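**Q** This is the structure I have questions about; it appears just below.
Numbering (the numbering used here), first residue to last: 1 to 338.
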C-alpha cells in the first residue's frame, strides 16, 4: 500500500486520506479501520508501518491524537486495479455490460464496509448507486458521504498499463474535484453556524451585513459546480455536492439571509418613521406657536417662553395618544426585538 496524498479541509475533523493499494494487499480491512469498523484491536491493519501517526506526520493532524484513529473518520479515496482473480469487478468483454457485483463492490470500497457491516437494501440499491460515474469501460467511480472509490473493470497488466494513468488522475484532477467539494462543505458549515448566531448580538444590522458579505465571498470564490469545461471531474464534484446536500443547504442559507436582511430593513424603516413622527409631533406645536408670534409681531421673551412651554405640553399630550405611543414603539422596537 502506498499513501499518495493526504490533506485537510478548513475543518480539522474533515481529514482526507488518499490510499493506493496494490492488488496483493487487503483493501477492505484498512478502509473498515478508517471507518471505525475494526472489531479486534489486535488485528488492526493501521498499526506498524501503516500507523496514521507516521503516515500523516506533518501533513494532517487529528484533534485527539491519543484516541483511536478511526474516531477521526477521515474521508477516504481508494483506487483498486483488479487482477484476473477479481471476477466480480470485471467485464467479460470490452462491449459487455458490467455484472451487478461490480457496483456492489464499488459501493463497499466507497462506504468502507462489508455486507456484514451494512447490508445494502435491495429496494434502495439503485438509489444508492445512481451517482456512479462511468469514466470509461475500463473503470468507474462512486462518491459517497464518507468516502469515494475508483474500481477497474479489466485486469491490470502491470507496468505501463492504463491503470497507471488512471491512478494519476485519481490523485490529481479527480482529487482536486473532491477537495473543492470538501472546501465548499466546510464553508457552508461555517455559514450555517453564522446564521445560528445572528441573534446572539445586539448589533443585528452589522451581523447581517457581515453574513451577507461572507456569502458573497463564498459564492464568488468557492461555489463552483464545474471544475473543468467537461469530463468526469465535474461529475465527481456534483456527486459530492449531492451526497452532502450542498446545493439545497446553500439555497436555504440564501433564503434565511434574505429573511434577516428584510427584517433589518423593516426595523430601520420603522426607526426612521418613528424619528420623523417625533419630529412632526414636536415641531408642529412649536412651529405653530412661533408663527403666531411672528405674525403678531410679538418680540416679548416672556411670551416666547410661554409659547415654548405650551408647545412642550402639547407635544407631551400628543405622545400619550395612540399615534404617539406607536411612534415611540417604532423607535424602541428595533433594540427591544434584537
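Built from N, CA and C at the ideal position, the CB exists for glycine as well.
Every value quoted in this text rests on a predicted model; they were computed, and no experiment measured them.
Strictly by DSSP, which residues pair up with residue 140?
**A** 134, 151
**Q** Considering only C-alpha positions, which residue in the set 105, 267, 235 is nearest to residue 153?
**A** 105
**Q** Could you give the first and the last residue of the continuous alpha helix (DSSP H) run that contains residue 192?
**A** 173 to 196
**Q** For residue 140, which residues in the same chain have their Cβ closer than 8 Å to its Cβ, ignoring the five residues on either side in sequence?
**A** 98, 102, 103, 106, 132, 133, 134, 150, 151, 153
**Q** Report the three-state DSSP secondary structure of residue 214 (helix, strand or coil).
**A** helix
**Q** Beta-carbon separation of residue 272 and residue 175 under 9 Å?
**A** no
**Q** Cutting at 6 Å between CB atoms, please list the residues of its own chain near residue 158, excluding the five before and the five after it.
**A** none
**Q** So, using beta-carbon positions, are residue 147 and residue 111 closer together than 9 Å?
**A** yes
**Q** Return the chain-ordered list of same chain residues with a C-beta closer than 7 Å to the C-beta of residue 261, the five sequence neighbours on each side being excluded.
**A** 208, 212
**Q** Does residue 160 come out as helix, strand or coil in the three-state DSSP assignment?
**A** If DSSP states are grouped into helix, strand and coil, residue 160 belongs with coil.
**Q** Between residue 246 and residue 177, which are expected to be in contact by the criterion C-beta below 8 Å, what is the C-beta distance as a whole number of angstroms?
**A** Wrong, their Cβ atoms sit about 13 Å apart, outside the cutoff.
**Q** From which residue to which residue does the alpha helix (DSSP H) around residue 111 run?
**A** 100 to 111
**Q** What does a CB cutoff of less than 6 Å around residue 256 pick up in its chain, not counting 5 residues either side in sequence?
**A** 195
**Q** Buried or exposed: residue 187, going by 16 or more other Cβ atoms within 10 Å of its Cβ?
**A** With a threshold of 16 other beta carbon atoms within 10 Å, residue 187 meets it and is buried.
**Q** Roughly how many angstroms separate the alpha carbons of residue 197 and residue 240, rounded to a whole number?
**A** For residue 197 and residue 240, the distance between alpha carbons rounds to 27 Å.
**Q** Candidates 181, 138, 189, 142: which alpha carbon is nearest residue 166's?
**A** Nearest of 181, 138, 189, 142 to residue 166, Cα basis: 138.
**Q** Rounded to whole angstroms, what is the Cα-Cα separation between residue 100 and residue 162?
**A** In this structure, the alpha-carbon of residue 100 lies about 24 Å from that of residue 162.
**Q** Identify whether residue 206 lies in helix, strand or coil by the three-state DSSP scheme.
**A** helix
**Q** Would residue 108 be called buried (16 or more neighbouring beta carbons within 10 Å of its own) or exposed?
**A** The residue in question, residue 108, is buried, as its Cβ has 16 or more Cβ neighbours within 10 Å.
**Q** Let me check understanding here. Comparing Cα to Cα, which of 264, 85, 179 lies closest to residue 233?
**A** 179
**Q** Quick check on the burial criterion: 16 or more other C-beta atoms within 10 angstroms. Buried or exposed for residue 258?
**A** Exposed.
**Q** Would you mind working out which of 231, 250, 129, 265 sits nearest residue 145, comparing C-alpha positions?
**A** 129
**Q** Less than 8 Å between the CB atoms is what I'm expecting for residue 201 and residue 79, so what's the real figure, rounded?
**A** With a Cβ gap of about 47 Å, residue 201 and residue 79 do not count as contacting.
**Q** Just to confirm, is the Cβ distance from residue 263 to residue 204 under 9 Å?
**A** yes
**Q** Residue 142: which of 300, 95, 91, 235 sits nearest, CA to CA?
**A** 235
**Q** Cα separation between residue 225 and residue 184?
**A** Using only the alpha carbons, I get a separation of about 10 Å.
**Q** Classify residue 124 as helix, strand or coil using the three-state DSSP reduction.
**A** In the structure shown, residue 124 falls within a coil segment according to DSSP collapsed to helix, strand and coil.
**Q** Starting from residue 129, follow the alpha helix (DSSP H) in both directions and report where the run begins and ends.
**A** Segment: none, residue 129 is in no alpha helix (DSSP H) and carries neither H nor E.
**Q** For residue 222, which residues from the same chain have a beta carbon less than 6 Å from its beta carbon, with the 5 sequence-adjacent residues on both sides left out?
**A** Excluding positions up to five away in sequence, the list reads 183, 184, 187.
**Q** Look at the Cβ atom of residue 156, then the Cβ atom of residue 83, and state whether they are nearer than 9 Å.
**A** yes
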